[in-house]
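A short worksheet on the structure shown next.
Protein chains in written order, with our numbering: chain Y, 1 to 142; chain E, 1001 to 1090.
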């Protein structure tokens, strides 16, 4: 009985991973693809490793699986945020049907990143590149 | 063939499909960021395959490999993001 439950968990995790891959292939925009794969793979890896822990039914294996899950829940949003931010600052285009782009009106996204969340203005619909890519952005140091 | 093995084989097939689709995106991906996201998904699929293998071979040591892989995937994603940030300024 517990083995069937573990098998179901592993199968559901693999199905989520396949859905993430389909999303990565089919979605129209880098940012949408990043969102789809991040969320689906987080839950997928969690379910699969939890299924393995159920099969082994051992304290050390369960501890390692919980470490994997905890680490994944900590790092997956950070990784998605970091790569999405780097892509935006590099001028990766948004989908043309994107509704809101909070960095669009800011002349320098690098320095406005701390204030952009508080000064949201309704942006007129326009096409083309959102970011002034011809201006060389200042070197950021942290 | 037990029920668990049936589920494991089905999961392995789904993961293989995921890897193939991800490779298509990595080959096509218009930007380097798409390829980095594809690599992230590949490493997640590798973790899933390792979990399946550890159950299938009744060997708990493979879970350590999955843990190490999840650590390395995050570090490499951050390193790629830094590289994307600094690429056009060198």
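Where a beta carbon is used, it is the ideal one built from N, C-alpha and C, also for glycine.
Euclidean distance between Cα positions of residue 1018 of chain E and residue 18 of chain Y: So the alpha carbons of these two residues sit roughly 5 Å apart.
8 Å Cβ cutoff met for residue 34 of chain Y and residue 1037 of chain E: Inclusion of residue 34 of chain Y and residue 1037 of chain E in the CB contact set at 8 Å is warranted, their separation being smaller than that value.
The stretch 1027 to 1046 of chain E contacting the stretch 50 to 68 of chain Y, beta-carbon criterion three pairs below 8 Å: In this structure the stretch 1027 to 1046 of chain E does not touch the stretch 50 to 68 of chain Y; the number of beta carbon pairs closer than 8 Å is below three.
Close beta carbons around residue 84 of chain Y, own chain, < 7 Å, minus the five adjacent residues each side: Counting only Cβ-Cβ distances below 7 Å, and skipping sequence neighbours, we find 31 and 34.
Residue 77 of chain Y (DSSP reduced to helix, strand or coil): In the structure shown, residue 77 of chain Y falls within a helical segment according to DSSP collapsed to helix, strand and coil.
Secondary structure of residue 1023 of chain E, DSSP reduced to three states: Taken through DSSP and simplified to helix, strand or coil, residue 1023 of chain E comes out as helix.
8 Å CB neighbourhood of residue 79 of chain Y in its chain, flanking five on each side removed: Taken in chain order, the residues that qualify are 38.
Nearest candidate by alpha-carbon position, reference residue 9 of chain Y, set Y:25, Y:45, Y:23 and Y:27: Restricting attention to Y:25, Y:45, Y:23 and Y:27, the CA atom closest to the CA of residue 9 of chain Y is found in Y:45.
Interface residues of chain Y facing residue 1014 of chain E [CB-CB closer than 8 Å]: Within chain Y, the C-beta atoms nearer than 8 Å to that of residue 1014 of chain E come from 11, 14, 15, 17 and 18, in chain order.
Within chain E, partners of residue 73 of chain Y - CB distance below 8 Å: Within chain E, no C-beta atom comes less than 8 Å from the C-beta of residue 73 of chain Y; the nearest is roughly 11 Å away.
Chain E within 8 Å of residue 121 of chain Y, Cβ atoms only: Low confidence applies to residue 121 of chain Y: its pLDDT is 48, below 50, so where it sits in the model is not reliable, and the reading given next is rough at best. False, the Cβ-Cβ gap to chain E never drops below 8 Å.
Assumed close pair residue 54 of chain Y, residue 4 of chain Y - CB separation to whole angstroms, cut-off 8 Å: Actually they do not touch by this definition, with Cβ atoms about 10 Å apart.
Any chain E beta carbon closer than 8 Å to residue 22 of chain Y: It does: the Cβ of residue 22 of chain Y has a partner Cβ on chain E nearer than 8 Å.
Short CB-CB distance (under 8 Å) between residue 1035 of chain E and chain Y: Chain Y places no beta carbon closer than 8 Å to that of residue 1035 of chain E, leaving this residue out of the contacts.
Residue 56 of chain Y beta carbon less than 8 Å from that of residue 1060 of chain E: Between residue 1060 of chain E and residue 56 of chain Y, the gap from beta carbon to beta carbon is short of 8 Å.
C-alpha distance - residue 1028 of chain E paired with residue 28 of chain Y, whole-angstrom precision: Cα to Cα, residue 1028 of chain E sits roughly 13 Å from residue 28 of chain Y.
Proximal chain E residues relative to residue 58 of chain Y, where beta-carbon distance stays under 9 Å: Against residue 58 of chain Y, the close residues of chain E are 1060, in the order they occur along the chain (beta-carbon pairs closer than 9 Å).
Beta carbon proximity, residue 178 of chain Y to chain E, threshold 8 Å: The structure shown does not extend to residue 178 of chain Y, since chain Y is modelled only from 1 to 142, so the question has no answer here.
Amino acids of chain Y, ordered along the chain, whose beta-carbon sits closer than 8 Å to that of residue 1017 of chain E: Close partners of residue 1017 of chain E in chain Y (Cβ separation under 8 Å): 18 and 21.
Chain-ordered neighbours of residue 8 of chain Y on chain E, where CB pairs are closer than 8 Å: Within chain E, the residues whose beta carbon sits less than 8 Å from that of residue 8 of chain Y are 1007, listed in sequence order.
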